[in-house]
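Novice:
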Amino acid sequence: MEQVSGQERKSRNTAAEELSDNIETIEKTASVVVKGEREAVYCLSVIGQIEGHYLLPEGQKATKYEQLIPLLVSVEEDERIDGLLVVLNTMGGDVEAGLALAELIASMRKPTVTLVLGGGHSIGVPLAVAGRKSFIVPSATMTIHPVRISGTVIGAPQTYRCFQDMQDRIITFICAHSRISEEHLRELMLRPDQIANDIGTVLEGREAVELGLIDRVGGLDEALSCLRNMIRQQKSGSPQATPDATPESAC
């Protein structure tokens, strides 16, 4: 029979309690702090639809931006947290809410990495490129299409100009935080021959990287390794860890 010392039993009990606390935190906030030997990484998931100014119908999974905004502020200000990993599997959602979250992530001082699993569609695209470094698994997809709205709209020139201005803001953000050109991005948005009864483009993981939308193909290990490297560089005072540094220099 295995002999377990009192110290080892205490350590196991502590680990079990931490795991239980983590599970409870995940259930409530869809996020968790992962502590390594030297770095503490905050993992945040963006799943389902991004809920904004209006409540989604019951039965739909949603990421509520009014919860994520104070959470991101807390991550930025908490000295115990060294970096942020954002894991995405979202179909899109509220445009203003999604873009607000993307701007918030992009403006963080702490190292940030995004990882697209499953899908990063529609307004999920700005979120996918908001980190200092972005990853996507080979099987994931990203849908790029123009801004659209549900419900009744006024068919006036001002309405269409409003849509165009909103789309321009999204394009500007994506191009500022990735390597894709504005011309190419607009071309993908308006492609008429790929999506049935719609315009736009569906990109697979490797295509997104080849086009410069996402930095690298990779999964959890690659994303965490990159983030930890960025954290270590920032702690050491390396200029490569600043927000203005190229993503390749940090990973």
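Oh and the sequence shown: position 244 is 404 in this note's numbering, straight run, nothing missing.
Don't be surprised by glycine CBs; every beta carbon is placed ideally from N, CA and C.
Please state the DSSP three-state secondary structure of residue 204.
Specialist: Reduced to three states, the DSSP call for residue 204 is strand.
Novice: Helix, strand or coil for residue 209, going by three-state DSSP, please let me know.
Specialist: Correct three-state label for residue 209: strand.
Novice: Alpha carbon to alpha carbon, how far is residue 241 from residue 201? Give it in angstroms, no decimals.
Specialist: Rounded to whole angstroms, residue 201 to residue 241 spans 6 Å at the Cα level.
Novice: On the criterion of 16 or more Cβ atoms from any shown chain inside 10 Å, does residue 225 qualify as buried, or is it exposed?
Specialist: Burial call: buried.
Novice: Mind pulling the beta strand (DSSP E) runs of 3 or more residues that sit fully within the stretch 219 to 260?
Specialist: The qualifying runs are 222 to 224, 243 to 253.
Novice: In whole angstroms, give me the CA-to-CA distance for residue 321 and residue 315.
Specialist: About 11 Å.
Novice: Starting from residue 280, trace the beta strand (DSSP E) both ways and give me its first and last residue.
Specialist: Element bounds for residue 280: 272 to 280.
Novice: Residues in the same chain with beta-carbon distance under 8 Å from residue 335, minus the five sequence neighbours each way, listed in chain order, please.
Specialist: If we look at residue 335 and ignore the five residues flanking it on each side, its Cβ neighbours are 341, 342, 345.
Novice: Suppose you measure from the CA of residue 205 to the CA of residue 357; what does that come to, to the nearest Å?
Specialist: Their backbone Cα atoms lie some 31 Å apart in a straight line.
Novice: Around the C-beta of residue 337, are 16 or more other C-beta atoms found within 10 angstroms, so that it is buried, or is it exposed?
Specialist: Counting Cβ neighbours within 10 Å, residue 337 comes out buried, since at least 16 surround it.
Novice: Quick one, which of 208, 374, 397 has its alpha-carbon nearest residue 366's?
Specialist: The shortest Cα separation from residue 366 among 208, 374, 397 belongs to 374.
Novice: Starting from the C-beta of residue 183, find all residues in its chain whose C-beta is less than 8 Å away, skip the five residues before and the five after it, and write them out in chain order.
Specialist: Unreliable positioning characterises residue 183 in this predicted model, as indicated by a pLDDT of 45, which lies under 50. A coordinate reading is not provided.
Novice: Going straight from the alpha carbon of residue 329 to that of residue 319, what length do you get?
Specialist: So the alpha carbons of these two residues sit roughly 16 Å apart.
Novice: Mapping the DSSP letters down to three states, classify residue 363 as helix, strand or coil.
Specialist: Strand.
Novice: What residue does the alpha helix (DSSP H) around residue 326 start on, and which one ends it?
Specialist: Residues 317 to 336.
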